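Numbering (the working numbering), first residue to last: 735 to 1020. Even for Gly, the Cβ is constructed at its ideal location relative to N, Cα and C. Model, not experiment: these values are computed from the prediction. Contents: one structure, followed by commentary.
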Amino acid sequence: MIGDRKADEIDETEPIHSAPPRFVGIVGVPRCGSTMVGSYLGLGGRAIFVGEATRFRLQYDRVGRCGCGEQIPSCGFWQSVLRHGGELPESDTDYSAIASILRSAIELSGASLLIDSSKSAVSALALAEHLGWDSTILMVVRDPRGHVISVHQGWRAKRTNDADPDWALLARVTGSWWKHQALDTWRLRIPRRCRLVKYDKFEKDPARETGVHGPLVDGEVPFNHSIAGNPSRKTPNRAIAGDVRWHSMPPLKQLAVFVLGLPFTAIYRYPPIASFSVGRRKAHLR
Ligand SMILES: [Zn+2]
């Protein structure tokens, strides 16, 4: 199953219902851009992006918001899914019940491609096994400097435009990023069982980086019935965000994160310092 078919073999031209269901599991560290990648892949009429399916029970109990804006227990789509044979999971690791929800969701939607962004390699592999569909795992990787700035500024952010995190937070967040890369690489046995998607390349050319030519129009993505994920998933027609905020981080701290992130920062070919930081300094001097 996993690895039998690469993501670049997804054929968006096949008519609805004619193709067997396929599963794409997105893996990565929190704030890696998985929601944006999943939203992009879910653009096609034959695809459905469900967000973080493993959090269905948590979101159901908390009366969390669906990507469509409704509360999960009152969302018409998820109500239909539960009536159609989807079982309410006992927990976020009740993969049998979560798989039943995903089966029901793809049948009701008429789609043939289902994308989950639960981000855990363990859950992506478990869901692929339970579904028994042709499956692909996408590991989304974001520059650790972008990850550090994202944590520093917070989800709802924009609390501040400050791009100068303190050293303790910088070390802690980079360590977390490093651990995720190491564990996911080991669990997924890269590159044999998954496709690597670098967010900095995805933002520039999503079709090329994911291998899926979705009907993207003007770089915008629509709303969806995603279960959980980045709060921005509830914003319709959101442009794909560029990961540039970290370019304003002090160069010494950019370099420190690069060094702490080795060997992965070198493997992913991230620059030691943002290439246009010199240009930014010139702009300030004028
Ligand atoms: Zn909904």
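Would you give the residue range spanned by the beta strand (DSSP E) that residue 756 belongs to?
-> Where residue 756 is concerned, the enclosing beta strand (DSSP E) starts and stops at 756-761.
Measure the beta-carbon distance from residue 906 to residue 980 and round it to whole angstroms, keeping in mind my assumption that it falls under 8 Å.
-> Residue 906 to residue 980, Cβ: 16 Å. No contact.
Within the stretch 760-803, ranges of the alpha helix (DSSP H) (whole runs, at least 4 residues) = Fully enclosed alpha helix (DSSP H) runs of 4 or longer: 768-775, 790-796.
Anticipated Cβ contact below 8 Å, residue 873 with residue 761, distance rounded = Contact check for residue 873 and residue 761: beta-carbon distance about 5 Å, within the 8 Å limit, so the pair qualifies.
With 16 other Cβ atoms within 10 Å as the buried cut-off, status of residue 824 = The residue is exposed, with fewer than 16 neighbouring Cβ atoms inside 10 Å.
Which of the three DSSP states, helix, strand or coil, is assigned to residue 907?
-> Here residue 907 sits in helix by DSSP.
Answer yes or no: the CB of residue 786 versus the heavy atoms of ligand 1, is any distance below 7 Å?
-> The closest heavy atom of ligand 1 lies 7 Å or more from the beta carbon of residue 786.
With respect to the alpha helix (DSSP H) encompassing residue 999, which residues constitute its N-terminal and C-terminal limits?
-> Start and end: 998-1001.
Select from 990, 943, 913 the residue whose C-alpha is nearest the C-alpha of residue 898.
-> Of all alpha-carbon atoms in 990, 943, 913, the one lying nearest the alpha-carbon of residue 898 is that of 990.
Measure from the alpha carbon of residue 963 to the alpha carbon of each residue in 793, 755, 777, then state which is nearest.
-> Of the candidates 793, 755, 777, the one whose C-alpha sits nearest the C-alpha of residue 963 is 793.
Could you pull the start and end residues of the beta strand (DSSP E) that residue 875 belongs to?
-> Residue 875 -> beta strand (DSSP E) spans 868-875.
In whole angstroms, what is the alpha-carbon distance linking residue 911 and residue 881?
-> Roughly 8 Å separates the two Cα atoms.
Classify residue 851 as buried or exposed, calling it buried when 16 or more other Cβ atoms lie within 10 Å of its own Cβ.
-> Per the 10 Å Cβ criterion, buried.
Determine the closest residue to residue 908 out of 758, 766, 846, 796, with distance taken between C-alpha atoms.
-> Nearest option by C-alpha distance: 766.
Using DSSP with H/G/I as helix, E/B as strand and the rest coil, what is residue 931?
-> Strand.
Helix, strand or coil for residue 938, going by three-state DSSP, please let me know.
-> Coil, per DSSP.
Stretch-stretch touch, CB-based, cutoff 8 Å, three pairs: the stretch 800-807 with the stretch 835-846 = The answer is no - the stretch 835-846 does not touch the stretch 800-807, with fewer than three Cβ pairs under 8 Å.
With distances taken Cα to Cα, identify the nearest neighbour of residue 773 among 831, 1006, 940.
-> Per the Cα distances, 940.
Assigned exposure category for residue 863 - 16 Cβ within 10 Å defines buried = It is exposed - the Cβ of residue 863 has fewer than 16 other Cβ atoms within 10 Å.
Kindly indicate the opening and closing residues of the beta strand (DSSP E) around residue 1007.
-> For residue 1007, no beta strand (DSSP E) run applies, since DSSP gives it neither H nor E.
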